[in-house]
Amino acid sequence: IAATQPSTNWHVKENARDHHTSKFSSKELIVRRGQAFVVTFNGIEQPDQNLTFIAETGPKPSKQAKTQATFGISSTASKESWSAVLQSTSSHSVSISISSPPNAVIGRYKLSVQTTSSGSSSPEALGTFVLLFNPWSSGDDVFMSNKAECEEYVLEEFGIIFAGNKHHINSFGWNFGQFQGDILNICLSMLDRSLNYRQDPATDVSHRNDPKYLGRVLSAMVNGNDDQGVVLGNWSGNYEGGKSPSSWIGSGEILQNWKKSGFKPVRYGQCWVFAAVLTTVLRCLGIPTRTITNFSSAHDADGNLRVDEFYDASGNHLDRGADSVWNFHVWNESWFSRRDLGPSYSGWQILDATPQEESGGIYQCGPASRNAIKEGDVDLDYDCPFVFAEVNADCMYWNYDPATGKKTLIFSKSTLIGEFISTKAVGRDDRIDITNDYKYEEGSRKERDIFKKARKKLGLEDKFDPTAPTPKEIEQKPDISGKFKMAGPLEVGKDLNLILVLENLQSDVKTAHVNMTAWSTVYTRRPVREIWKDSISVTLSPKEEKHFPIKISYAEYQQQLTTDNMIQITALCHVEGGIQVLVQRDVTLDNPGIDIQILGEAKVNKEVDVEVVFTNPIDTEVMDCVLQVEGSDLLRGILEIDVPSLKASEKSSTKFKLTPFETGSKHLLVNFSCDKFADIKAFKTVNVID
């Protein structure tokens, strides 16, 4: 090699196009494993002499750990190992096609070259490149044969997350932004901050060829528990000292803040924030990933496939016991093969970064094979019993007397948990329902058989459970039935009108004393503040149905509402001479709408005006109004605009300019907050042309 340092042309643009990495904005070469890339070296005097390349990653590269590879020039590329094939030579330059094996360790590599003719000269450093998973390559564990799914689950930077409750599903946009700015480097630094890396860096790096290993490690790193991970969870309803979980609209700001703060957990997140950040990181690294919402999701803390809820005599939902049923819960599915379990368990794998229960001593969850969940194979790795319970647990409702500690079963239900399991459609902004991929039809014989199979595998069938209700308790039949019906709009700022419908199921007269309460809750159904209570005495003639209107005024609930806009209404009916009847409804109130208009054509590197319009729907002034705007390839970072206070029924128009920097279909996301309405969200598709 000549005395001059060889210069390297990494052909970043051409290689990125071939490797589906053009969306990264990096000057560094980013390629996918199991696929060739071309590099040209200039300033090599005798390019025809023997060249040996060294590719290495991690703190202690070694051949044995597969974190170092040495390879010469061969006539054809290898499928099993690193290889180099000569493309062309001239007097001072040589172009080489380099291939990595489809199971190579991912991460940042150093590439160097050694020439044999110069004896024992030390290798010349050529520079660095980043190697990622390759869902387009059939040899890769993350291979996905459907190209439209690769586009959605790896390359799409916009997502839709479903929330609300099973009676009333709503959704909001999210900016994953996995290709923006410094996100790839932050994702790589997450791996180097994990507990596994700290304990044994060389071994950790050698496992980074395995998507199930990385998925599990990252499910722990996204939450701040145990390891100073990315996001700190908070479900209290009080978010002082940080940002309310419902105010975020993208992962970029969270990941950037984590890095800027010297890697201190960002305050605060709830389930969809953990899931969205994990989606960003896994898509960035090349593992196909999506967010999943499960409605009426069980958190079974004690592993008995049963969740217990407790109510006092007044009908208050008691925050007692570790079990709970969340209005919704969001987790992830990632796509990869399970060599450890066998081909029938490959495909979508569940990962959950929300810190709910420890697994292996730390807050991590998955990967659990979705097929294993559907078939009740809860003995398979990882964390299948917890995930199985999230979609299948039985519910028990108890009356609890705090004075005596006595509990009485009100009723039990096996069909309430795991409904309307939802994810965004491929290539469209629609909801698709995937409940049938998680379980057989609710109430069918097959579904009950699978539930029994799971109980058996967990050793619950033969064990006496002193906390379980007796068969006699389960068989009791109520004398009356009840339900809440909505009577009017469910909107923040309007009175809430419902009807309590009670029906006498018997052929003799029944009297009941009914205690009613309404509490504001977070989406986990944890009661936060009491809004309203009332009690009535009711006499029902044989088979009679009566309607009792209930009105909770905006003035009554306005101060008590959490940012989730959720209210739980309960009526506990004490029936004379019969068992108690619990009537319950979770209500999600909609925020008023907000409108986004793009004024003119959106062109690359040209300014375009955007207008956001909000009308105050209530008869009092709203203050402290702030608009946040973000969107991958439309603006860098986040735009925050203070909006003047709005009088009753007043309309505000906020204008700002954007300069898009990439063509294609992009999404602009906004979040509007004020003292009366928390986090009104909207998004708009923007088609950017040349």
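Be aware that the sequence shown starts at 1, since it is given in the UniProt record's numbering, and climbs by one per residue.
Beta carbons are placed, not taken as given, at the ideal position from N, Cα and C, and that holds for glycine.
Asked, Found
"What first and last residue would you give for the beta strand (DSSP E) that runs through K551?", "545-552"
"V39: which of K13, Y557, N50, L218 sits nearest, CA to CA?", "K13"
"Please determine, among I106, K63, Q178, the residue with the shortest C-alpha to C-alpha distance to N209.", "I106"
"Using C-beta distances below 7 Å, list every residue in its chain close to A368, excluding the 5 sequence neighbours before and after it, in chain order.", "Q349, I350, Y382, D383, C384, V387"
"Within the continuous beta strand (DSSP E) that includes residue 744, where are the two ends?", "Absent from the model: residue 744. The displayed extent of the chain is 1 to 690, so no value can be given."
"If I follow the unbroken alpha helix (DSSP H) through N196, where does it start and stop?", "195-199"
"Do you know offhand how far I1's Cα is from S334's?", "Unreliable positioning characterises I1 in this predicted model, as indicated by a pLDDT of 43, which lies under 50. The coordinate reading is nonetheless provided below. Their Cα atoms are separated by approximately 46 Å."
"Considering just the uninterrupted stretch of the alpha helix (DSSP H) at M190, what are its terminal residues?", "183-191"
"Determine the DSSP secondary structure at L29, reduced to helix, strand or coil.", "strand"
"Would you please verify whether the beta carbon of A148 is less than 9 Å from any beta carbon of chain C?", "Chain labels in this structure do not include chain C; a single protein chain is all it has."
"Taking its Cβ as the centre, do 16 or more other Cβ atoms sit within 10 Å of V509, making it buried, or is it exposed?", "exposed"
"Measure the beta-carbon distance from A125 to S112 and round it to whole angstroms, keeping in mind my assumption that it falls under 8 Å.", "5 Å"
"Use the C-beta contact count for A487: other C-beta atoms within 10 angstroms, 16 or more gives buried, fewer gives exposed.", "exposed"
"Quick one: residues in its chain with C-beta nearer than 7 Å to the C-beta of N605, no 5 flanking neighbours on either side, listed in chain order?", "T659, F661"
"Compare the beta carbon distance of K543 and L505 with 9 Å and say whether it is the shorter of the two.", "yes"
"Judging by CA-CA distance, which residue of P101, P59, K60, G58 is the nearest neighbour of S78?", "P101"
"Could you pull the DSSP bridge partners for S95 from this structure?", "T40, S88"
"Let me know the secondary structure DSSP gives Y523 once reduced to three states.", "coil"
"Can you tell me which of the three DSSP states N223 falls into?", "strand"
"For a quick check, are the C-beta atoms of V130 and S26 less than 9 Å apart?", "yes"
"CA-CA distance, residue 697 and F295?", "With the chain represented from 1 up to 690, any question about residue 697 goes unanswered, as that position is not in the structure."
"Just how far apart, CA to CA, sit P201 and R33?", "22 Å"
"Between residue 697 and W248, what straight-line distance do the alpha-carbon atoms span, to the nearest angstrom?", "Summary: the structure shown does not reach residue 697, with the chain confined to residues 1 through 690, and so no result is reported for it."
"Would you call the segment 508-522 in contact with the segment 533-549, where contact means no fewer than 3 C-beta pairs closer than 8 Å?", "yes"
"Decide if M623 is buried, meaning its Cβ has at least 16 other Cβ atoms within 10 Å, or exposed.", "exposed"
"Would you decide whether A3 is buried or exposed? Buried here means 16 or more other CB atoms lie within 10 Å of its CB.", "Unreliable positioning characterises A3 in this predicted model, as indicated by a pLDDT of 46, which lies under 50. The coordinate reading is nonetheless provided below. Exposed is the call here."
"Given a threshold of 16 other Cβ atoms within 10 Å of its Cβ, counted over all protein chains shown, does S324 qualify as buried or as exposed?", "buried"
"What residue from S22, M566, E503 has the CA that sits closest to H167's CA?", "M566"
"Check each candidate in N616, I254, E630 and name the one with the smallest Cα separation from A648.", "N616"
"Pick out the complete beta strand (DSSP E) segments inside the segment 402-441, 3 residues or longer, and give them in chain order.", "406-413, 419-424, 431-433"
"Can you tell me whether G593 is buried or exposed, with buried defined as 16 or more other CB within 10 angstroms of its CB?", "exposed"
"According to DSSP, what are the bridge partners of residue 696?", "Past the boundaries of the shown model lies residue 696; the chain is included only from 1 to 690, so the question cannot be answered."
"Determine the direct distance from the alpha carbon of N671 to that of I54, and round the result to whole angstroms.", "49 Å"
"My parser needs the beta strand (DSSP E) runs of 3 or more residues fully inside the segment 455-502; what are they?", "480-486"
"Relative to the ligand NAD, is the shortest distance from any of its heavy atoms to the C-beta of Q364 smaller than 8 Å?", "This structure simply doesn't include the ligand NAD, nor any ligand for that matter."
"Roughly how far, in whole angstroms, is the beta-carbon of I161 from the beta-carbon of T280, given that I think they are within contact range, below 8 Å?", "Not a contact, Cβ separation roughly 13 Å."
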